[in-house]
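In terms of this note's numbering, the sequence shown opens at residue 241 and continues consecutively. Working notes, beginning with the structure itself.
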Amino acid sequence: MTDRGARVGWFVLKIMSYNLRRHAAVAELEELVLRHPVDALCLQEGEGTRMPEQIGELQLSAATYKSELGLAIYYRPDRFTALDSHAFTLRKALHDRVLLPGIERLLTTRLVDLQSGQDVQLASFHASPLSATNLLRRQQIAQAHVHLTELTGDVPTVMTGDFNYPLLRSRLIKQVEKAGFSLSLSDGPTYYYSKSIAYHFDFATSKGMDVQLVETLPKGLSDHRPILITAEILKRQNLHEQQAQDLQDAGHDPQDPVLGGVE
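Below, the structure written as structure tokens:
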């Protein structure tokens, strides 16, 4: 186990989410992940064709290309293998139909931990802007949760991004919980209209995870502030341990270096 693994444990993830303000903040991403090391990065409002293949030690898993307000997911390849990714259009607001007819508002990636064999699903989400209604955004969030569940069943999942849902969240919380997810806000506002008026736009929903902390990071080049999520997996597969036990039961050495395909 590496020093980093010993520090955070096999089943703790650090995930950053950031709305790049139409690609403007992409220039600061490498410094940002160097200052705040993470296992994964979920981005909104990036231009897919211009997204770098690598940011620091993070590798691009997937990006969307049908809109200038694209989504992207990066992951740490020394910890995970990316299995598959999917992009979805969700229920469209009038704003989308007129200005962004092809926009994909949900991007998912399924990862498997190289050491433990644990699967986890990540999603970058971007709801319609405030010109739409909270009802429309709740419908988009509900659709997103259905897609996530249909893709991976009960695999531990974190969906994070720009929810554009600053006020009157009681109905949203009930809806999210009914779908089997939890909603987690950060410890400070993520969008400032003025020095004295600020709201939470960026947060996370999750299932099979204990979200221990969501931090709002300092303002950068975007009008949104990035958030940093620390989450522990609750439903653990322990596939590596099970493979070792199966081999031992079959009379093989569980310390064989090819166990589980990990050298």
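All C-beta atoms in this analysis are idealised placements derived from N, C-alpha and C, irrespective of residue type, glycine included.
Measuring alpha carbon to alpha carbon, tell me which residue in the options is nearest residue i.
i    : options                   : result
A264 : E287, C282 and L274       : E287
A280 : Y431, Y258 and D336       : Y258
K306 : R411, V252, L346 and I469 : L346
Q338 : R316, Q415, P396 and S371 : It should be noted that the sequence gives Val, not Gln, for residue 338. Among R316, Q415, P396 and S371, the Cα nearest to that of V338 is on S371.
L375 : L253, A327 and A333       : A333
P406 : M449, E270, T373 and L253 : T373
F421 : Y433, K447, N404 and P396 : K447
R409 : I381, V266 and Y432       : I381
L423 : G296, H440 and P369       : H440
I316 : G310, F328, Q294 and D336 : The sequence shown places Arg at residue 316, not Ile. Closest option to R316, Cα to Cα, is Q294.
T289 : L412, G310, T470 and A438 : G310
Please report how far the alpha carbon of residue i lies from the alpha carbon of residue j, in whole angstroms.
i    : j    : result
D353 : D324 : 14 Å
D442 : T430 : 6 Å
E455 : H464 : 13 Å
L509 : V451 : An answer regarding residue 509 cannot be provided, because it is not within the stretch 241 to 503 covered by the chain.
R378 : A367 : 9 Å
L330 : Q383 : 7 Å
T304 : K254 : 23 Å
P277 : Y314 : 12 Å
D507 : E285 : For residue 507 there is no data in the structure shown, the boundaries of the chain being 241 and 503.
A327 : P292 : 19 Å
D394 : L425 : 22 Å
L340 : S364 : 18 Å
Looking at the strands, I want to know which residues DSSP matches up with residue i.
i    : result
N259 : Q284
F365 : L346 and G401
D450 : E472
V416 : V416 pairs with nothing; no bridge assigned.
Y433 : Partner(s): none; Y433 has no beta bridge.
T456 : I467
L253 : A471
Can you give the beta carbon distance from residue i to residue j, rounded, assuming they're within the 8 Å contact cut?
i    : j    : result
L195 : I467 : Lying before the first or after the last residue shown, residue 195 is absent from the chain, which here runs from 241 to 503.
E308 : R262 : 6 Å
I267 : S301 : A quick correction: the sequence has Ala, not Ile, at residue 267. Not confirmed; about 21 Å, so no contact.
P396 : K459 : With a Cβ gap of about 31 Å, P396 and K459 do not count as contacting.
L260 : S462 : 6 Å
A444 : V386 : That pair is no contact at about 18 Å.
Whole runs of the beta strand (DSSP E) within the stretch 277-341, excluding any shorter than 3 residues
280-286, 298-303, 310-315 and 320-328
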